[in-house]
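Structure first, commentary second.
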Amino acid sequence: MQNRNHRSQEHYVAPFEETPIASVDRLDDSQKARSTWADAWDAMRRRPSFWISSALIVLILIVAAFPGLFAQVSPTHCLLALSNGGPEAGHPLGFTRQGCDVYSRIIFGAQASVMVGVLATLLVTITGVIIGALAGYYGGFLDTFVSRIGDIFFAIPTVLGAIVLMSVLPERTPATVALVLSIFAWPQIARIMRGAVLSARNSDYVMASTALGVSKFRILIRHVVPNSIAPVIVVATISLGTFIVAEATLSFLGIGLPGSVMSWGNDISQAQTSIRTNPQILLFPSAALSITVLSFLMLGDVVRDALDPAARARR
Amino acid sequence: MLWYTGKRILQMIPVFFGATFLIYFMVFSLPGDPIAALYGDHPPSPQVIETIRAHYNLDKPFIVQYLLYIGGFFQGDLGTTYSGRAVSDVMAAAFPITLRLATLALFFEAVLGVTVGLIAGLRKGKWFDASALVVSLLLISVPTFVIGFVLQFVFGVQLGWARTTVSSEAPYSELILPAIVLASVSFAYIVRLTRASVSDNLNADFVRTATAKGLSRRRVVTVHVLRNSLVPVVTFLGVDLGSLMVGAIVTEGIFNINGVGGTVYRAVKLGEGPTVVSFIAVMVIIFVVANLLVDLLYALLDPRIRYAK
Amino acid sequence: MTLLLNETEGQQVDSSNTPLLQIRNLEVGFRTQRGMVPAVRGVDITLYAGQTLAIVGESGSGKTTTAQSIIDLLPGTGQVTGGQILFEGRDLTKLSPKEIQDVRGRLIGYVPQDPMSNLNPVWNIGFQVEEAIRANNVAQGKDVRLRAIQVLQEAGLSDAADRLKQYPHQFSGGMRQRVLIGIGLSARPKLLIADEPTSALDVTVQRQILDHLGTLTRDYGTSVLFITHDLGLAAERAEQLVVMYKGKVVESGPSQEILANPKHPYTQRLVSAAPSLASRRIQSAKSGSADTAIFGGGSLDATLIERAAEREEAAPTKDLISVQSVSKTYRIRQQGLKYNELRAVDDVSFGIQRGTTTAIVGESGSGKSTVAKMILQLESVTSGRIEFDGQDVAGLKGAELLKFRRRVQPVFQDPYGSLDPQYNVGNTIAEPLLAHRVGTAKERQARVLELLDQVSLPASTRYRYPSELSGGQRQRIAVARALALKPDVLVLDEAVSALDVLVQGQVLNLLTELQSELGLTYLFITHDLAVVRLIADNVCVMKKGKIIEAATTDEVFDAPKQSYTQELLAAIPGGNFEFGRQ
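Chains as they are written, first to last, in my numbering: chain A, 2 to 316; chain B, 160 to 468; chain C, 2 to 583.
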């Protein structure tokens with residue numbers, strides 16, 4: 002290459018004290034060891050939304066488990082005389098159309114609603130993770146078969162399928178509602194898990210472990226699953242919220258929990274007719290439900306941001 | 160592209176049969192008398208029961224039952240309602256109304272959702288973004304029927320800007336409020352999705368190259384960032400159709416719209432199992448076909464899919 | 002043609018003293034959770050019209066950040082915190098967004114590094130070229146398309162008119178890079194910033210493209226600011242050199258002089274370790290050429306030359322690994338029900354003797370990695386035979402396979418992918434011991450410490466996680482893991498290709514030491530022939546699945562028989578130092 006320009010520049014060397022060079026690739030001993038989970042935890046605990054949503058969730062779970070601690074008035078103690086009454090001492094949120102205490106119905110109603118959400122999420126996550134992991138890892142016929150089955154269930158939108166199934170079921174309990182919902186919702190988690198497993202399966206550390214002589218099954222359990230579980234956790238957290246909404250929708254349509262079971266969905270549904278006269282009895286249980294769902298969604302978002310590798314790189 | 164289309168159609172067929180079979184199976188093969196189960200406490204007149212029994216061929220082997228059932232579908236025979244009307248007639252009358260409602264809702268959620276998501280993604284961390292996030296979270300947390308009641312109350316009763324129930328002809332103007340209700344949850348998801356997509360694409364290498372070429376910021380955002388961010392949104396729309404259908408049941412119920420959803424709503428409330436099953440079976444078929452169309456649209460938007468094996 | 006800008010008129014030989022680009026005390030930082038982190042800390046660079054200047058540095062040196070800040074291509078979190086960037090006298094850091102947009106493309110062009118991710122996958126090539134032409138007012142209306150065709154032709158693409166309708170994923174890497182170069186030069190800018198424009202490409206393609214780029218910029222009179230990590234490449238292609246380290250300039254000046262006389266300790270290290278320069282030094286030392294000095298001096302050289310002499314005297318022994326007529330065919334599903342057969346490895350035969358290092362060198366698609374995977378029994382052999390210590394490895398299963406694996410262990414290319422991010426270092430290294438049920442927990446612990454020591458990492462490393470370590474450290478851990486079971490053979494698949502130059506040198510040193518200490522046999526897969534010179538006793542050159550030349554390293558470098566081998570040798574950067582030699 003010819004020297005096209007006549008301006009040749011001098012040879013400049015930076016002063017050595019200003020540009021000290023470190024030894025090549027030295028390990029920085031000063032920092033504490035941190036796994037990816039510890040790293041994610043660290044990122045999460047800095048966010049106020051994490052603390053707010055976690056606190057709310059813990060509170061709601063306690064309320065669902067021990068409603069008696071929070072409400073002294075019995076929710077089934079209803080006097081028609083008090084129908085649609087406003088708030089008074091000992092009854093901060095007033096009375097329903099049947100004269101039941103709104104506040105205590107909300108407290109006691111938490112149990113059914115939350116139970117449906119938690120149960121459905123557990124069922125969906127366990128089935129989805131197992132099926133998705135096996136299909137993605139072992140591939141072949143198992144994968145094709147499972148994927149087709151998943152496609153078929155996926156083709157029926159969750160609540161639509163639930164409507165059909167609930168219409169023919171003789172018995173309706175929170176457990177049955179949860180089961181019915183999870184029957185149609187498992188393909189989503191299975192797909193996510195399968196996708197994550199597929200990409201983990203092709204990673205170099207799996208190849209390295211195989212070449213080192215680690216058994217195929219052990220690689221699945223020890224390497225592939227832990228590295229694939231992150232997106233599932235995010236979706237499961239968010240799904241918990243959407244399951245609670247789904248139960249409310251089914252109850253609103255009259256094929257969710259039977260009227261005898263206290264739940265937010267039922268209360269909202271029964272309050273329909275009073276919307277013009279006494280909107281509070283519809284709005285309060287709605288608010289309770291929304292706050293619950295909101296906290297799960299918020300937590301899901303925070304967890305996703307904490308586990309997202311791209312966001313982690315930017316930290 | 161032709162090959163891709165053919166492959167997709169081929170994949171759709173087992174899903175179509177599988178899903179309809181599953182519905183049929185759920186209804187008719189659980190222990191007990193399916194007719195009693197379907198009708199619960201409100202059995203119709205004995206003549207209607209006879210028609211239904213014959214229609215569902217309950218004396219034949221199960222597989223034959225299903226095949227006859229599906230065969231009937233293809234011939235337009237979807238069963239009979241409680242009052243003796245043919246389901247296909249009811250469907251034919253109701254479908255256009257729901258189509259209008261769905262189109263409006265799709266328009267709102269897609270156009271507004273993408274716009275809000277785009278602005279939020281461009282201004283990540285600023286107040287618009289934060290409020291968009293909060294609003295979208297709220298919309299997902301509040302069940303559609305609650306949104307429906309509240310808006311119906313506020314805009315229909317208190318402010319009187321809209322009708323609280325929709326007339327039987329259901330023109331577009333009356334469907335605006337219901338469409339907003341129907342679109343609200345999907346709108347929220349689309350805002351979140353677009354926002355994340357835009358924010359990712361803003362840091363993409365090809366966006367940097369586009370900027371380096373000397374293109375105006377506006378062009379870089381619309382032609383490169385937005386265009387590439389649309390792809391996941393389109394995929395989402397396909398899946399979201401399912402929740403739109405559920406939402407239609409609720410929304411049409413609240414606003415008393417005589418669409419497909421409203422019919423299902425009333426049928427569920429009245430305990431009319433067979434109508435519910437037939438309608439939902441049709442909805443599932445629509446869902447499967449719509450997803451096929453979305454897949455094709457996706458291939459149009461992303462040339463890598465078109466040309467892949 | 003009237004379509005072209007009057008480039009020759011615009012580029013008068015600059016007789017004035019004003020540099021085209023003058024960067025003064027530039028400071029650039031990135032906003033992170035921990036505050037503003039400086040990436041460029043007071044950098045001065047001067048470039049005159051018609052000159053080519055290369056900025057050389059390893060990762061983290063700030064070279065890319067400096068280049069990107071010239072036309073404000075920094076990611077959202079980056080910003081210029083101090084200093085000036087004077088282009089034709091105007092301070093670019095003070096321009097409004099509209100003004101900088103005008104400068105981009107028209108006055109200053111940019112060619113990015115990775116051709117795949119830098120083209121928008123959803124628009125066709127013609128669209129992306131034409132929008133650059135329109136944006137910089139190079140042509141209007143119907144002329145835009147004609148100009149686009151011209152741009153692609155000048156960039157070296159045949160059938161330019163047809164190519165306009167194609168999509169980026171339908172092009173090869175080299176073709177995509179040509180498109181990007183064409184786009185960068187389409188408005189005949191005064192300055193072209195080329196950010197590692199060929200690092201992602203095969204070595205022979207690299208050379209063609211860089212030659213072409215050189216011709217174009219010479220014809221148009223464009224100044225070029227070249228970013229690279231390869232010192233040999235920089236010296237070959239640029240008259241002026243700027244060496245950056247940790248955000249500062251440590252040395253700058255005429256390339257030839259910096260190579261001959263590096264003053265700063267960092268530059269000296271780079272010169273010593275750069276494989277391209279080191280390999281050329283060894284070659285010229287052996288051939289007794291007087292030009293050795295232009296490749297600088299290095300500390301490794303004496304050892305390597307000694308080793309080369311030793312090899313020539315060693316007596317041949319029986320092959321530890323024998324590959325006999327091995328082929329590998331893949332069946333790939335095409336559209337319709339047809340299958341395409343891909344012969345990744347075609348009738349390959351070679352032998353590896355105990356205690357030696359055999360390198361397989363080739364470009365992408367040559368099949369070299371597939372051969373390695375077959376030897377490791379990670380891929381099945383379609384036909385042929387692989388023998389290890391006399392035993393056929395193809396049919397091994399169960400306990401026999403486990404025994405084989407103990408003796409042949411891998412180290413892979415990607416230091417960021419080959420360690421499970423959820424496992425700490427200690428568990429990663431102990432995993433093979435666990436899988437083969439070696440020793441008690443305590444014994445395994447002791448072995449882990451022993452291995453960490455062997456790869457020169459402190460004992461405390463065992464509690465750390467891969468995400469906290471650098472590429473070189475991770476790769477050393479991968480080596481430690483591979484040595485856990487005291488294998489006979491290490492298969493190193495591009496094990497140093499992803500590392501920075503100095504770190505690469507360190508790892509190569511380590512490998513050489515370990516080999517003599519532990520009596521290991523190495524199979525070294527690489528695309529970099531220069532690295533082969535530094536480490537290998539024997540070389541097999543592969544192209545499209547076949548071995549086209551196999552001999553000792555000395556023979557291949559001294560007297561390459563095949564034209565492809567000669568091309569590969571010639572493509573090693575640093576082969577064309579013509580300038581300034583009196």
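Every residue, glycine too, gets a C-beta built ideally from N, C-alpha and C.
If you're wondering where the values come from, they're calculated on a predicted model, not measured in any experiment.
Pairing CB atoms from the segment 434-443 of chain B with CB atoms from the segment 188-201 of chain A, are three or more of them under 8 Å? no
With DSSP run on the structure shown, which of helix, strand or coil describes isoleucine 464 (chain B)? In the second sequence, the residue the question calls residue 464 (chain B) occupies position 305. In this structure, isoleucine 464 (chain B) counts as helix in the three-state DSSP scheme.
Could you check whether proline 158 (chain A) and glycine 284 (chain B) sit closer than 7 Å to each other, using their CB atoms as the reference points? Counting from 1 along the second sequence, the entry for residue 284 (chain B) is found at position 125. Counting from 1 along the first sequence, the entry for residue 158 (chain A) is found at position 157. Not a contact, by the Cβ cut-off of 7 Å.
Taking only three categories from DSSP, how would you classify leucine 120 (chain C)? Along the third sequence, read from residue 1 onward, the residue named residue 120 (chain C) stands at position 119. Looking at leucine 120 (chain C) - three-state DSSP - the assignment turns out to be coil, as it is neither helix nor strand.
Host alpha helix (DSSP H) of glycine 196 (chain A) (start-end): Here residue 196 (chain A) refers to the residue found at position 195 when the first sequence is read from its first residue. First-last of the alpha helix (DSSP H) with glycine 196 (chain A): 175-202.
Determine which residues of the segment 238-257 of chain A have a Cβ less than 8 Å from any Cβ of chain B, and write them out in chain order. Gly242, Thr243, Val246, Ala249, Thr250, Phe253, Leu254, Gly255 and Ile256
Assign leucine 217 (chain C) to one of three DSSP states: helix, strand, or coil. As a working note, residue 217 (chain C) is residue 216 in the third sequence. Three-state result, leucine 217 (chain C): helix.
List the endpoints of the continuous alpha helix (DSSP H) containing lysine 166 (chain B). For this step, residue 166 (chain B) is matched to residue 7 along the second sequence. First-last of the alpha helix (DSSP H) with lysine 166 (chain B): 161-187.
Hey, would you say valine 251 (chain C) sits closer than 7 Å to valine 244 (chain C), going by beta carbons? Within the third sequence, residue 251 (chain C) is the residue found at index 250, counting from 1. Within the third sequence, residue 244 (chain C) is the residue found at index 243, counting from 1. Going by C-beta atoms, valine 251 (chain C) is nearer than 7 Å to valine 244 (chain C).
Any C-beta of chain C sitting closer than 7 Å to the C-beta of threonine 469 (chain B)? Residue 469 (chain B) lies beyond the residue range present for chain B, which begins at 160 and ends at 468; the question has no answer from this structure.
Entirely within the segment 65-144 of chain C and at least 3 residues each: give me those beta strand (DSSP E) ranges in chain order. 79-88 and 109-112
Would a C-beta distance cut-off of 7 Å place threonine 303 (chain B) and alanine 407 (chain B) closer than the cut-off? The count along the second sequence starts at 1 and reaches residue 303 (chain B) at position 144. The count along the second sequence starts at 1 and reaches residue 407 (chain B) at position 248. Cβ atoms of threonine 303 (chain B) and alanine 407 (chain B): not closer than 7 Å.
Methionine 176 (chain C) burial status per 10 Å Cβ neighbour count (16 or more: buried): Here the question's residue 176 (chain C) lines up with position 175 in the third sequence. By the neighbour-count rule (16 or more Cβ atoms within 10 Å), methionine 176 (chain C) is buried.
Is there a Cβ of chain A sitting closer than 7 Å to that of alanine 321 (chain B), yes or no? To locate residue 321 (chain B), count along the second sequence from 1; it is residue 162. Taking Cβ atoms only, chain A never reaches closer than 7 Å to alanine 321 (chain B), which makes this a no.
On the three-state DSSP scale, how would you describe glycine 63 (chain C)? Looking up residue 63 (chain C) in the third sequence gives position 62. Correct three-state label for glycine 63 (chain C): coil.
Along chain C, in chain order, which residues have C-beta atoms closer than 7 Å to that of arginine 277 (chain A)? Mapped onto the first sequence, residue 277 (chain A) falls at position 276. Near arginine 277 (chain A) there are no residues of chain C at all, since even the closest Cβ is about 51 Å away, more than 7 Å.
Using only the alpha-carbon positions, how far apart do glutamine 114 (chain C) and alanine 363 (chain B) sit? Taking the first residue of the third sequence as position 1, residue 114 (chain C) is located at position 113. Taking the first residue of the second sequence as position 1, residue 363 (chain B) is located at position 204. In a straight line, the C-alpha of glutamine 114 (chain C) is about 13 Å away from that of alanine 363 (chain B).
I'd like to check one pair, leucine 535 (chain C) with arginine 367 (chain B): are the Cβ atoms closer than 7 Å? The sequence position of residue 367 (chain B) within the second sequence is 208, counting from 1. The sequence position of residue 535 (chain C) within the third sequence is 534, counting from 1. Against a cut-off of 7 Å, the Cβ pair of leucine 535 (chain C) and arginine 367 (chain B) comes out as no contact.
Along the segment 333-357 of chain B, what residues have a CB closer than 9 Å to any CB found in chain C? none
Apart from the five residues just before and just after glycine 185 (chain C), which ones in its own chain have a Cβ nearer than 7 Å to its Cβ? In the third sequence, the residue the question calls residue 185 (chain C) occupies position 184. Gly110, Tyr111, Val112 and Leu193.
May I ask you to report which of helix, strand or coil DSSP gives isoleucine 22 (chain A)? As a working mapping, residue 22 (chain A) is identified with position 21 in the first sequence. Coil, per DSSP.
Rounded to whole angstroms, what's the CA-CA distance from serine 564 (chain C) to lysine 544 (chain C)? Just pull it up for me. Taking the third sequence and counting its residues from 1, the one referred to as residue 564 (chain C) is at position 563. Taking the third sequence and counting its residues from 1, the one referred to as residue 544 (chain C) is at position 543. Cα-Cα distance, rounded: 12 Å.
Taking the alpha-carbon positions, what's the glycine 440 (chain C) to tyrosine 424 (chain C) distance? Counted from its first residue, the third sequence places residue 440 (chain C) at position 439. Counted from its first residue, the third sequence places residue 424 (chain C) at position 423. The alpha-carbon atoms of glycine 440 (chain C) and tyrosine 424 (chain C) are separated by roughly 20 Å.
Going by DSSP in three states, threonine 370 (chain B) sits in which element: helix, strand or coil? Locating residue 370 (chain B) in the second sequence gives position 211, where the first residue counts as 1. Residue state, collapsed to three classes: helix.
Consult DSSP for leucine 455 (chain B) and reduce its assignment to one of helix, strand or coil. Sequence index remark: in the second sequence, residue 455 (chain B) carries index 296 (1-based). Leucine 455 (chain B) falls in the helix class under three-state DSSP.
Which stretch, first to last residue, makes up the alpha helix (DSSP H) that contains isoleucine 335 (chain B)? Position 176 of the second sequence, counted from the start, is the residue given in the question as residue 335 (chain B). Element bounds for isoleucine 335 (chain B): 331-361.
Do glycine 140 (chain A) and tryptophan 187 (chain A) come within 7 Å of each other at the CB atom, strictly closer than that value? Numbered from 1 along the first sequence, position 186 holds the residue referred to as residue 187 (chain A). Numbered from 1 along the first sequence, position 139 holds the residue referred to as residue 140 (chain A). Cβ atoms of tryptophan 187 (chain A) and glycine 140 (chain A): not closer than 7 Å.
Cutoff 7 Å; reference lysine 166 (chain C); Cβ partners in own chain excluding five residues on either side: As a working note, residue 166 (chain C) is residue 165 in the third sequence. Cβ within range, chain order: Asn125 and Gly127.
Chain-ordered chain A contacts of lysine 428 (chain B) [CB-CB under 8 Å]: Position 269 of the second sequence holds residue 428 (chain B). By Cβ distance, chain A contributes Leu254 and Gly255.
Quick one: does isoleucine 132 (chain A) have its CB under 7 Å from some CB of chain B? Start at 1 with the first residue of the first sequence, and residue 132 (chain A) comes out as number 131. Cβ-Cβ to chain B under 7 Å: no for isoleucine 132 (chain A).
Anyone know if the C-beta pair for serine 114 (chain A) and isoleucine 239 (chain A) falls short of 7 Å? One-based indexing of the first sequence puts residue 114 (chain A) at position 113. One-based indexing of the first sequence puts residue 239 (chain A) at position 238. The answer is no: Cβ separation not under 7 Å.
Beta-carbon proximity list for serine 343 (chain B), same chain, < 6 Å, skipping 5 on both sides: Numbered from 1 along the second sequence, position 184 holds the residue referred to as residue 343 (chain B). Counting only Cβ-Cβ distances below 6 Å, and skipping sequence neighbours, we find Leu298 and Ile306.
Kindly indicate the opening and closing residues of the beta strand (DSSP E) around glutamine 423 (chain C). Along the third sequence, one-based indexing puts residue 423 (chain C) at 422. Here glutamine 423 (chain C) belongs to no beta strand (DSSP E), and DSSP marks it neither H nor E.
In chain order, what are the residue ranges of uninterrupted alpha helix (DSSP H) at least 4 long that sit wholly in the segment 274-312 of chain A? 281-308
Tell whether a beta-carbon distance below 7 Å holds between tyrosine 523 (chain C) and leucine 486 (chain C). Counting from 1 along the third sequence, the entry for residue 523 (chain C) is found at position 522. Counting from 1 along the third sequence, the entry for residue 486 (chain C) is found at position 485. No, these two residues do not count as a Cβ contact at 7 Å.
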